[in-house]
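Written out below as structure tokens is the structure these notes cover.
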Amino acid sequence: KKVIEVNHLSKKFGETDVLKDINGTVKSGQVICVIGPSGAGKSTFLRCLNLLEKPTSGEVKFDGTDLTHVSSKQLLDLRERMGMVFQSFNLFPNMTVLKNLMLAPIRVKHMSEAEAEKTAIALLDRVGLKEKANAYPSSLSGGQQQRVAIARALAMNPEVMLFDEPTSALDPEMVGEVLEVMQELANEGMTMVVVTHEMGFAKSVADEVWFMADGYILERSSPDDMFEHP
Ligand code: ADP
Ligand code: ADP
4 KKVIEVNHLS
14 KKFGETDVLK
24 DINGTVKSGQ
34 VICVIGPSGA
44 GKSTFLRCLN
54 LLEKPTSGEV
64 KFDGTDLTHV
74 SSKQLLDLRE
84 RMGMVFQSFN
94 LFPNMTVLKN
104 LMLAPIRVKH
114 MSEAEAEKTA
124 IALLDRVGLK
134 EKANAYPSSL
144 SGGQQQRVAI
154 ARALAMNPEV
164 MLFDEPTSAL
174 DPEMVGEVLE
184 VMQELANEGM
194 TMVVVTHEMG
204 FAKSVADEVW
214 FMADGYILER
224 SSPDDMFEHP
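To convert, count from 1 in the sequence shown and add 3; that's full-length UniProt numbering.
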């Protein structure tokens with residue numbers, strides 16, 4: 004089943020063509036790693052998948068619906084089904100870890116307080132941070148904050164997870180704990196699109212690696228083929 008389908012996607016910032024006629028399909032359960040040099044358009048591409056960035060032209064279909072042609076209400080509904088994790092954690096600083104996870108399910112999904120808490124604690128357990136439920140984000144390490152950010156995205160029970168360089172802002176010793184959580188998620192069958200510079204992760208976890216440069220996807224292959232011919 005196709006979860007995401009991109010057809011002739013292009014994006015301009017002013018006069019600059021940042022994405023040029025991008026095509027691609029992400030199937031259910033697939034892990035796609037998007038690699039390439041800085042400035043290639045990877046982040047812009049990822050942000051076009053949930054329309055955080057509005058494409059200049061082309062289609063971005065999620066579960067068969069073209070997001071570029073839906074009402075803003077419909078877009079919000081569809082976007083709820085896509086989780087996103089950023090380079091810079093983006094946790095709410097004035098809320099405990101637990102409240103960070105409970106907010107969207109309560110506000111957006113109208114989950115009961117008790118159910119949201121139960122889900123949140125189960126997710127914190129899953130990312131190894133149950134004991135941090137009542138801590139504030141600023142008291143956590145970068146690696147812990149990013150694991151909370153992943154748990155928070157999962158609290159909405161998304162059908163796909165988008166990761167934008169999730170380990171690039173971390174001290175090297177914390178990269179592993181975040182990649183481990185992502186690997187487990189992949190093993191459980193989550194559909195994932197991951198912009199990353201972590202070639203080891205791409206090699207061992209991706210089903211397909213997309214190599215972007217200068218606004219194009221220049222190569223698309225299995226990790227074995229991608230990394231065999233540098
Ligand atoms: P990557 O993630 O591969 O490093 P980006 O998608 O962040 O690449 O950026 C691609 C190009 O688009 C860069 O030249 C960047 O400066 C430009 N760009 C990104 N966002 C904006 C923006 N909001 N306005 C103008 N230019 C942008
Ligand atoms: P990342 O590659 O991690 O997304 P960037 O520093 O490229 O980080 O971008 C951070 C923010 O600045 C993004 O919202 C991006 O759209 C915006 N941005 C990036 N390049 C430009 C640019 N040349 N002009 C305006 N905004 C930009």
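Backbone N, C-alpha and C define an ideal beta-carbon position, used for all residues, glycine too.
Proximity of the beta carbon of valine 197 to ligand 1 is not indicated: no heavy atom of the ligand is located closer than 7 angstroms. For alanine 154, the enclosing alpha helix (DSSP H) stretches over residues 145-157. Listed in chain order, the non-local C-beta contacts of leucine 182 below 7 angstroms within the same chain comprise Thr170, Glu201 and Phe204, local neighbours out to five positions each way being set aside. Boundaries of the alpha helix (DSSP H) harbouring methionine 202: 202-208, taken from the DSSP string. Taking a C-beta distance under 8 angstroms as the contact criterion, alanine 152 and leucine 94 qualify as a contact pair. Rounded to the nearest angstrom, the gap between the Cα atoms of isoleucine 35 and phenylalanine 48 is 13 angstroms. Under the three-state reduction of DSSP, histidine 113 is assigned to coil, being neither helix nor strand.
Short of 6 angstroms from the beta carbon of phenylalanine 89, and not among the five residues preceding or following it, lie these beta carbons of its own chain, in chain order: Asp167.
Following the DSSP letters along the chain, one finds threonine 47 inside the alpha helix (DSSP H) bounded by residues 45-52. Here the residues close to ligand 1, judged by CB distance below 5 angstroms to any of its heavy atoms, are Phe16, Val21, Ser41, Gly42, Ala43, Gly44, Lys45, Ser46 and Thr47 in chain order. Inter-residue distance for threonine 99 and alanine 125 is about 16 angstroms (C-alpha atoms, whole angstroms). 8 angstroms or more divides the Cβ of leucine 165 from the Cβ of valine 130. Taking the CA atoms as reference points, methionine 215 sits about 43 angstroms from serine 115.
Only residues of its own chain outside the window of five on either side were considered, and among them Asp24 and Gly61 have a CB closer than 6 angstroms to the CB of histidine 11, listed in chain order. In the three-state DSSP reduction, serine 31 falls in the coil class, being neither helix nor strand. In the three-state scheme derived from DSSP, where H, G and I count as helix and E and B as strand, methionine 195 is classed as strand. Judged by DSSP in its simplified three-state form, phenylalanine 214 adopts strand. Listed in chain order, the non-local C-beta contacts of leucine 101 below 8 angstroms within the same chain comprise Glu120, Ala123, Ile124, Leu127, Ala136 and Asn137, local neighbours out to five positions each way being set aside. When the beta-carbon positions are compared, leucine 54 and leucine 79 stay at least 8 angstroms from each other.
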